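Each residue of the sequence shown is one higher than the one before, counting from 6 in the numbering used here.
All C-beta atoms, glycine included, are put in the ideal place defined by N, C-alpha and C.
From a predicted model like this one, the values you see are computed outputs, not experimental measurements.
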Amino acid sequence: MDQQHIRNFCIIAHIDHGKSTLADRLLELTGALSAREMMAQVLDSMDLERERGITIKAHTVTLRYRARDGQDYILNFIDTPGHVDFSYEVSRSLAACEGALLLVDASQGVEAQTLANAYLASEQGLELVPVLNKVDLPAAEPERVREQIEHVIGLDAADSLAISAKTGQGVPEVLETLVERVPAPRGNPEAPLRALVFDASYDPYTGVRCLVRVVDGSLATGQTVLFMEVGLETTVEELGIFTPWAEQVERLGSGEVGYLFAALRELRLVRVGDTVTDSRRPAAEPLPGFAEAKPMVFAGLYPVDSSAFGELREALERLSLNDSAFTFQPDTSQALGFGFRCGFLGLLHMEIVQERLEREFNLELIITAPGVAYRVLTTAGEVVEVEHPAQLPDPATIEAVEEPMIHATILTPDRYLGGILKLVQERRGEQVKLEYLSRDRVLLEYRLPLAEVVLDFYDKLKSVSRGYASLDYHFAGYREGDLVKLDLLVNGDPIDALALIVHRSSAYAKARALAGKLREMIPRQLFEVVIQAAIGNRVIAREVVRPLRKNVIAKCYGGDITRKRKLLERQKEGKKRLKRVGRVEIPQEAFLAILKVET
């Protein structure tokens with residue numbers, strides 16, 4: 006089709022503002038699915054997405070639409086996630102679009118992720134179309150939300166669309182506005198082929214499937230192509246589009262979006278952000294790719310059964326192709342054996358990866374307490390990046406330890422302001438900005454240590470604000486801090502998987518909480534189990550799991566007392582020997598329980 010009649014767009018919004026529901030209505034209106042095939046959140050194909058009610062992966066679908074003027078259009082729609090942990094998925098999707106529907110809940114107004122995604126889209130030069138959703142709710146205030154969009158985002162909202170994605174009210178106007186306001190794709194159909202790989206997935210039968218946006222030239226089945234970044238030459242075996250089911254086509258022209266199979270069996274041969282070109286007539290330079298997603302949170306993943314190590318490696322390789330923000334490298338632990346040290350964008354990202362590994366690959370896993378990457382300046386002038394406490398150099402060689410900081414944006418009703426201010430101050434936050442956006446709505450900006458945010462900050466924020474506050478954050482460099490390594494020892498043996506790097510001011514409270522939690526989780530043995538939390542050689546917290554006691558004198562009826570004493574002394578000696586040679590097994594639940602420790 007002529008690229009003047011193609012529109013590439015996405016929907017960006019805060020979580021739960023109705024992206025997936027609006028996508029359903031667009032599919033219905035364009036006839037992509039029949040009434041029999043239709044289901045709620047049809048593009049959220051993963052079980053996890055449906056259970057949690059969130060979009061995790063970006064999805065593409067090609068819609069055929071006849072406008073009111075009788076002209077036929079191709080609308081390439083890319084559905085994007087809304088949670089802060091998956092903002093990298095959003096940035097990749099935006100690169101394949103010329104326009105975006107900025108969806109805002111008319112009852113809740115502009116939220117933190119709305120703001121972040123709007124700025125991402127503006128930076129990439131996309132045409133933003135403001136859409137107010139849920140106007141059918143009794144609590145909807147469209148005029149107030151229009152003012153918020155103009156004041157907070159700086160976008161003219163006078164001609165914003167008022168819709169209800171649930172009932173379908175106003176949704177036909179969305180399609181017409183898309184055709185009118187979103188520009189046609191820019192690209193030269195006669196130039197050498199340049200196609201951007203903006204996502205990839207693995208199919209065990211056909212190999213690697215690349216999602217591509219053709220910018221210049223055209224792609225055809227049987228064409229020999231070159232992946233410019235990795236220097237790989239291969240032949241296109243199959244091309245297609247999603248409608249939303251996969252539909253084969255012979256050619257993808259300039260401005261079109263689709264998928265590509267090219268006989269790629271190796272998982273590491275494709276990089277998201279690479280440029281595909283014709284090997285016989287290559288482009289002079291590749292398209293701008295994506296900034297590498299830098300993991301912010303690190304945790305260890307270990308198989309419960311050590312023989313499943315190879316299966317875990319293969320599963321991680323497959324998952325990392327589909328999720329380029331996820332990284333992993335081999336790791337070993339004295340307590341847990343062989344596994345992998347994995348990097349994630351946040352705690353929700355970590356939970357999703359763990360659940361996908363367990364469900365899609367039938368693996369039983371132990372995951373260690375998550376931490377962040379610190380920078381250590383040594384006395385020799387070197388800078389060492391530490392992703393795990395066990396990697397810390399000798400304390401005598403450490404000049405300073407720097408922790409990662411984030412710039413957090415919190416939007417909240419003012420009645421919850423006191424509780425939120427107390428929460429961020431407890432987490433060592435530094436206030437950057439406090440601004441009233443309206444009579445009862447406040448924008449807070451804080452610098453916070455990332456380590457104070459990754460575990461339970463989001464849950465606590467939602468609890469303090471009764472679910473009304475929203476959070477967005479981005480990395481804001483490193484800052485030197487008074488940080489120490491906190492070790493947990495069981496009967497004198499350090500459990501490396503439970504070691505933490507903490508701020509000295511909170512070390513004592515953290516140590517007491519961790520030791521107490523571990524005492525609850527370790528089952529009683531026939532010998533005494535001593536749990537200690539220590540900084541260096543100094544023990545700052547101690548708990549004891551009392552031993553089980555068999556009644557060895559149960560069968561002694563009367564008689565000489567020395568016989569009973571002899572049996573009790575023998576039991577005592579046996580317990581001492583057991584304590585020297587006995588090994589305490591740390592249950593899997595203990596590693597998970599550490600995540601939920603209250604300090």
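*When you compare each of Pro194, Glu365, Pro375 and Leu352 to phenylalanine 345 by their alpha carbons, which one comes out closest?*
Position 340 of the sequence shown, counted from the first residue, corresponds to residue 345. Minimum Cα distance to phenylalanine 345 is reached at Pro375.
_Top-ranked residue by Cα proximity to asparagine 235, from Asp208, Gly212, Leu269 and Leu257_ = If you number the sequence shown from 1, residue 235 lands on position 230. In the sequence on display, residue 235 carries valine and not asparagine. Ranking Asp208, Gly212, Leu269 and Leu257 by Cα distance to valine 235 puts Leu269 first.
*Just to confirm, are valine 220 and leucine 201 a CB contact at a threshold of 8 Å?*
Locating residue 220 in the sequence shown gives position 215, where the first residue counts as 1. Locating residue 201 in the sequence shown gives position 196, where the first residue counts as 1. A contact, by the Cβ cut-off of 8 Å.
*Per DSSP, glutamate 132 forms a beta bridge with which residues?*
Your numbering for residue 132 matches position 127 in the sequence shown. Partner(s): Gly104.
*Classification of proline 293 by the beta-carbon crowding that lies within 10 angstroms, buried from 16 upward*: For this step, residue 293 is matched to residue 288 along the sequence shown. Classification for proline 293: exposed.
*asked:* Below 8 Å on the Cβ atoms is my contact criterion, and I expect leucine 370 with leucine 382 to pass it. Report the Cβ-Cβ distance as a whole number of Å.
replied: Mapped onto the sequence shown, residue 370 falls at position 365. Mapped onto the sequence shown, residue 382 falls at position 377. In fact, because the Cβ distance is near 35 Å, the residues do not count as touching under 8 Å.
*asked:* Looking only at its chain, what residues have a beta carbon closer than 7 Å to the beta carbon of glutamate 238, apart from the 5 residues adjacent to it on each side?
replied: Along the sequence shown, read from residue 1 onward, the residue named residue 238 stands at position 233. Once the five neighbours on either side are set aside, the close Cβ partners of glutamate 238 are Thr229, Leu231 and Ser284.
*Report the partner residues of aspartate 477 according to the DSSP bridge assignment.*
Counted from its first residue, the sequence shown places residue 477 at position 472. BP columns for aspartate 477 point to Thr414.
*Exposed or buried, what is alanine 170 when buried is set at 16 or more other beta-carbons lying within 10 Å of its beta-carbon?*
By one-based count along the sequence shown, residue 170 stands at place 165. Buried: at least 16 other Cβ atoms inside 10 Å.
*Near alanine 144, what residues of its chain come up, given a Cβ to Cβ distance below 8 Å and the 5 sequence neighbours on each side ignored?*
As a position in the sequence shown, residue 144 is number 139, starting the count at 1. Once the five neighbours on either side are set aside, the close Cβ partners of alanine 144 are Ser112.
*Distance, Cα to Cα, tryptophan 250 vs glutamate 33?*
Here residue 250 corresponds to residue number 245 of the sequence shown, with the count starting at 1. Here residue 33 corresponds to residue number 28 of the sequence shown, with the count starting at 1. Whole-angstrom Cα-Cα distance: 14 Å.
*asked:* Between arginine 380 and glutamate 390, how many whole angstroms is the CB-CB distance? I'm expecting something under 8 Å.
replied: Counted from its first residue, the sequence shown places residue 380 at position 375. Counted from its first residue, the sequence shown places residue 390 at position 385. Right, their Cβ atoms sit about 6 Å apart.
*Exposed or buried, what is lysine 139 when buried is set at 16 or more other beta-carbons lying within 10 Å of its beta-carbon?*
Against the sequence shown, residue 139 aligns to sequence position 134. Its Cβ being crowded by 16 or more others within 10 Å, lysine 139 is buried.
_My parser needs the beta strand (DSSP E) runs of 3 or more residues fully inside the segment 346-389; what are they?_
370-372 and 379-383
*List the residues that DSSP assigns as beta-bridge partners of glutamate 435.*
As a first step, residue 435 is located in the sequence shown; it is residue number 430 there, counting from the start. Answer is Arg452, bridged to glutamate 435.
_Can you tell me whether arginine 270 is helix, strand or coil according to DSSP?_
Translated into positions along the sequence shown, residue 270 becomes position 265. DSSP places arginine 270 in coil when its eight states are reduced to three.
_Between which residues of its own chain and leucine 422 is the CB-CB distance below 7 Å, once the five residues before and five after are set aside?_
On the sequence shown, residue 422 is found 417 positions in, with the first residue counted as 1. Closer than 7 Å at the Cβ level, and outside the excluded window around leucine 422, lie Val447.
*Give a yes or no on whether the C-beta atoms belonging to glutamate 450 and lysine 438 are separated by under 8 Å.*
To locate residue 450, count along the sequence shown from 1; it is residue 445. To locate residue 438, count along the sequence shown from 1; it is residue 433. It is a contact, given that the beta carbons lie within the stated cut-off.
*Where does the unbroken beta strand (DSSP E) through aspartate 492 begin, and where does it stop?*
Position 487 of the sequence shown, counted from the first residue, corresponds to residue 492. 488-495 is the extent of the beta strand (DSSP E) around aspartate 492.
*asked:* Taking the beta strand (DSSP E) that tyrosine 307 belongs to, which residues open and close that run?
replied: For the purposes of this step, residue 307 is taken as residue 302 along the sequence shown, with counting starting at 1. 302-308 is the extent of the beta strand (DSSP E) around tyrosine 307.
*Label lysine 172 either buried or exposed according to how many other C-beta atoms from any shown protein chain fall within 10 Å of its C-beta, with 16 as the threshold for buried.*
As a first step, residue 172 is located in the sequence shown; it is residue number 167 there, counting from the start. Contrary to the premise, residue 172 reads as threonine rather than lysine in this sequence. Looking at its Cβ environment, which holds fewer than 16 other Cβ atoms inside 10 Å, threonine 172 is exposed.
*In terms of DSSP beta bridges, what is serine 206 paired with?*
On the sequence shown, position 201 is the one that residue 206 refers to. In DSSP, serine 206 forms a bridge with Arg214.
*To the nearest angstrom, report how far apart serine 127 and aspartate 164 are at their CA atoms.*
Against the sequence shown, residue 127 aligns to sequence position 122. Against the sequence shown, residue 164 aligns to sequence position 159. Cα-Cα distance, rounded: 18 Å.
*Could you name the residues of the same chain whose beta carbon sits closer than 6 Å to that of leucine 553, not counting the 5 residues immediately before and after it, in chain order?*
As a working mapping, residue 553 is identified with position 548 in the sequence shown. So the list reads Arg529 and Leu531, once near-sequence residues are dropped.
_Residues near glycine 114 in its chain [Cβ-Cβ closer than 6 Å; skip 5 each side]_ = Here residue 114 corresponds to residue number 109 of the sequence shown, with the count starting at 1. If we look at glycine 114 and ignore the five residues flanking it on each side, its Cβ neighbours are Val150 and Gln153.
_Buried or exposed for serine 25, going by 16 or more other Cβ atoms inside 10 Å?_
Looking up residue 25 in the sequence shown gives position 20. That one is buried.
_Alpha-carbon to alpha-carbon, phenylalanine 349 and glycine 263_ = In the sequence shown, counting from the first residue as 1, residue 263 sits at position 258. In the sequence shown, counting from the first residue as 1, residue 349 sits at position 344. Roughly 28 Å separates the two Cα atoms.
*Answer yes if the segment 512-523 comes into contact with the segment 544-552, meaning at least three C-beta pairs across the two stretches below 8 Å, and no otherwise.*
yes
*Determine the direct distance from the alpha carbon of leucine 488 to that of histidine 508, and round the result to whole angstroms.*
For the purposes of this step, residue 508 is taken as residue 503 along the sequence shown, with counting starting at 1. For the purposes of this step, residue 488 is taken as residue 483 along the sequence shown, with counting starting at 1. Each residue's Cα considered, the two are about 4 Å apart.
*Residue range of the alpha helix (DSSP H) that phenylalanine 462 falls in?*
The sequence position of residue 462 within the sequence shown is 457, counting from 1. Element bounds for phenylalanine 462: 462-469.
*Following the continuous beta strand (DSSP E) through histidine 336, name the residue where it begins and the one where it ends.*
Translated into the one-based positions of the sequence shown, residue 336 becomes position 331. One point to set straight first is that residue 336 is aspartate, not histidine, in the sequence displayed. Where aspartate 336 is concerned, the enclosing beta strand (DSSP E) stretches over 332-338.
*asked:* Just to confirm my understanding: we take threonine 35, look at its own chain, exclude 5 residues before and 5 after, and list those with CB closer than 8 Å. What are they?
replied: Translated into the one-based positions of the sequence shown, residue 35 becomes position 30. The residues are Leu68, Arg69, Tyr70, Leu80 and Leu180.
*Who are the near neighbours of arginine 57 in its chain, counting only those whose CB is closer than 6 Å to its CB and skipping five residues on each side?*
Counting from one through the sequence shown, the residue named residue 57 turns up at place 52. Only weak support is given to the placement of arginine 57: the predicted model assigns it a pLDDT of 45, under 50, and the question is left unresolved by the model.
*Under a Cβ-count criterion, where at least 16 other Cβ atoms within 10 Å of its own Cβ denotes burial, should threonine 60 be classed as buried or exposed?*
Within the sequence shown, numbered from 1, the residue matching residue 60 stands at position 55. Residue placement at threonine 60 is poorly supported in this model, since its pLDDT is 47, which falls under 50; the coordinates still yield a value, given next. Threonine 60 is buried by the Cβ-count criterion.
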